[in-house]
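Structure first, commentary second.
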Amino acid sequence: MFNRISIAAFVLSLSIILYSCESNDSITNSGSSGTEINLLIPPDNAVINNLNPTFSWSAISTAQYYRLQISPTSSFSNIIFEKASVSSTSYTLTDAVLVDSNTYYWRVNGYSDADTSEWSAVSSFTVNTIAAVPNGKVLLELFTNTSCIPCLQPNHYLDNIFGNQGVTNNDAKVVILRAHTTLFPNDPFYLFNPTVNDARQTYYNAANANPRGFLLGANMGAFNSTNWTTLINSKLGSTTDYAITVSNNYNPAGNAGSLEVKVFQISGAQASDLRLFVALTENDLSYNAPNGEVHFDNTLRDMLNGINGEQINLTAGQSLSRTINYSVMSGINYQKAQLIIFIQDYSTREIFAVEVINVN
795 MFNRISIAAF VLSLSIILYS CESNDSITNS GSSGTEINLL IPPDNAVINN LNPTFSWSAI
855 STAQYYRLQI SPTSSFSNII FEKASVSSTS YTLTDAVLVD SNTYYWRVNG YSDADTSEWS
915 AVSSFTVNTI AAVPNGKVLL ELFTNTSCIP CLQPNHYLDN IFGNQGVTNN DAKVVILRAH
975 TTLFPNDPFY LFNPTVNDAR QTYYNAANAN PRGFLLGANM GAFNSTNWTT LINSKLGSTT
1035 DYAITVSNNY NPAGNAGSLE VKVFQISGAQ ASDLRLFVAL TENDLSYNAP NGEVHFDNTL
1095 RDMLNGINGE QINLTAGQSL SRTINYSVMS GINYQKAQLI IFIQDYSTRE IFAVEVINVN
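Letter by letter, the sequence shown follows residues 795 to 1154 of this note's numbering.
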């Protein structure tokens, strides 16, 4: 009887010990009672413009301290910064570990004397200290034709703006693009690239009546210099949610260009059908036109990333980069050519940002 009782007691004690060990392992591996840390700032895929950002995350009840890690790789195979014993749910980086124009990944876990949580989900951010701020420029698109007599006045008006004659509050901030239409036949600037000109005139329904002006995608109404100047001034320097930075390299010997574009959405709601357009225009063209014009600037010659642009997706705090390799069509003087880069909501026609750069 004694032996049976002793054996039963031993088995019961062993069961308690094993259960206790298994329970302890379960606590260690499961994290803080299933509670997850949520990374808050910077949000995932954010673009930040300083090298000493503040990181913040949600609290978990079982953590006394938090550990922050930053890595240039999503696998965290190379950890460039680690900070433990953080007693709050935020930390401002003071170490010089971030490098401009690079993407980083960060994560946080919590711990106490008795427990360590799982790592949070990983978030990424990109550092870009080049000011991602709107440039205050506006895009004015004019639809015209070399046989259109009423087109003379708006074209001369735009010539004066392009020549920085002080027509508006800041002529240098007005980017001009002139597309030639099918209103009258045999316009040589339309015929140079019918596919491109057709696409823009169809998009704006601008083939049946010229001149037609569109400021940031909005119809400017019948030409009147006073009214148009008022419209332009009202938009110059206005607040926008987007910014564009560009750089360009063109090799005349090989007729090979490479355009680097970076688009930022600083704030605001996501556009439903956002497109990136890259137009190539040519200045200082001569032609004795039927309507009396002889000098032509800002003439649309090509669309370098397709006649309908490239559909892009951005939300507030995000950016994207594109490299557009191109060549200049035969018949264009690259020394007189410019690239106009703009982003437009294709469904509403609203243009959010524009930039211009010389081909050479």
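Think of the CB as a built atom: it goes at the ideal place given N, C-alpha and C, for glycine as much as any other residue. Every value quoted in this text rests on a predicted model; they were computed, and no experiment measured them.
Using the C-alpha atoms, what's the distance from residue j back to residue i?
i	j	result
Lys-1029	Pro-1084	34 angstroms
Asn-1049	Leu-934	29 angstroms
Ser-911	Ile-842	28 angstroms
Val-1153	Lys-1130	8 angstroms
Ser-1032	Arg-861	43 angstroms
Val-1088	Glu-1144	32 angstroms
Val-969	Leu-1025	14 angstroms
Val-1150	Thr-856	55 angstroms
Leu-761	Phe-1071	There is no way to answer for residue 761, as the model of the chain reaches only from 795 to 1154.
Ser-1052	Arg-1116	10 angstroms
Cys-1041	Leu-1133	Just to set this straight, residue 1041 is Ser in the shown sequence, not Cys. About 10 angstroms.
Tyr-1081	Leu-1114	40 angstroms
Asn-991	Tyr-984	6 angstroms
Ile-854	Glu-830	7 angstroms
Ser-895	Pro-866	12 angstroms
Ala-1047	Asn-1077	21 angstroms
Phe-1008	Gly-1103	18 angstroms
Ser-824	Leu-1010	Because the pLDDT of Ser-824 is 34, which lies under 50, any placement of that residue in the model is unreliable, and the number read from its coordinates should be weighed accordingly. Near 55 angstroms, if we compare the C-alpha coordinates of Leu-1010 and Ser-824.
Ala-776	Thr-996	The requested residue 776 does not occur in the structure, where the chain is confined to residues 795 to 1154.
Asn-1045	Tyr-1128	10 angstroms
Phe-919	Asn-999	41 angstroms
Asn-980	Thr-940	9 angstroms
Phe-870	Ala-915	12 angstroms
Asn-964	Pro-837	36 angstroms
Gln-858	Trp-913	15 angstroms
Thr-923	Val-1055	16 angstroms
Arg-1069	Asn-1027	25 angstroms
Per DSSP, which one or two residues make a beta bridge with residue i?
i	result
Asn-1042	Leu-1053
Thr-848	Thr-886
Val-1150	Ile-1134
Phe-1058	Ala-1037 and Ser-1113
Trp-900	Ile-864 and Ser-917
Asn-1119	Ser-1052
Gln-1105	Arg-1069
Lys-877	Leu-862
Could you name the residues of the same chain whose beta carbon sits closer than 7 angstroms to that of residue i, not counting the 5 residues immediately before and after it, in chain order?
i	result
Ser-850	Leu-834, Ile-835, Thr-883 and Ser-884
Phe-1162	Lying outside 795 to 1154, the shown extent of the chain, residue 1162 is not represented and no answer is given.
Gly-1015	Asn-1021
Ile-1101	Thr-989, Val-990 and Ala-993
Gln-947	Phe-1017
Gly-1062	Asp-1035 and Ala-1110
Gly-1086	Leu-946
Asp-889	Phe-875
Taking C-beta to C-beta, are residue i and residue j nearer than 8 angstroms?
i	j	result
Phe-875	Val-891	yes
Asn-949	Thr-962	no
Gly-1111	Ala-878	no
Val-921	Leu-845	yes
Ala-973	Leu-1079	no
Ile-864	Tyr-898	yes
Ser-881	Trp-900	no
Phe-978	Cys-945	no
Ala-966	Asn-954	no
Pro-1005	Leu-936	yes
Ser-852	Asn-832	yes
Tyr-951	Ser-868	no
Got a sec? Which residues, its chain only, sit under 8 angstroms from residue i by beta carbon, not counting five neighbours each side?
i	result
Ala-1147	Pro-928, Asn-929, Lys-931, Thr-1034, Tyr-1036, Ala-1037, Ile-1038, Val-1057, Phe-1136 and Ile-1137
Asp-1067	Gln-1105, Asp-1139, Tyr-1140 and Ser-1141
Phe-796	For Phe-796, the pLDDT reaches just 45, beneath the cut-off of 50, and the residue's location in the model is therefore unreliable, although a value from the coordinates is still provided. There are no such residues.
Thr-848	Ile-835, Ser-884, Tyr-885, Thr-886 and Leu-887
Ala-1125	It is worth fixing the name first, because residue 1125 is Gly in this sequence and not Ala. Closer than 8 angstroms at Cβ, skipping near neighbours: Phe-986.
Leu-1098	Leu-1053, Val-1072, Ala-1073, Leu-1074, Ile-1118, Tyr-1120 and Leu-1133
Ala-1012	Arg-1143 and Glu-1144
Thr-1023	Val-961 and Thr-962
So, for residue i: in the same chain, excluding its five sequence neighbours on each side, which residues have a beta-carbon less than 6 angstroms away from its beta-carbon?
i	result
Thr-976	Ala-1001
Met-1123	Asp-1096
Ala-908	none
Asn-1119	Ser-1052
Cys-815	Note that Cys-815 scores 36 on pLDDT, short of 50, meaning its location in the model is unreliable; the coordinates nonetheless yield the value given after this. So no residue of the chain qualifies.
Leu-1108	Gln-1059
Ala-1065	Asp-1139
Asn-1043	Ser-1052
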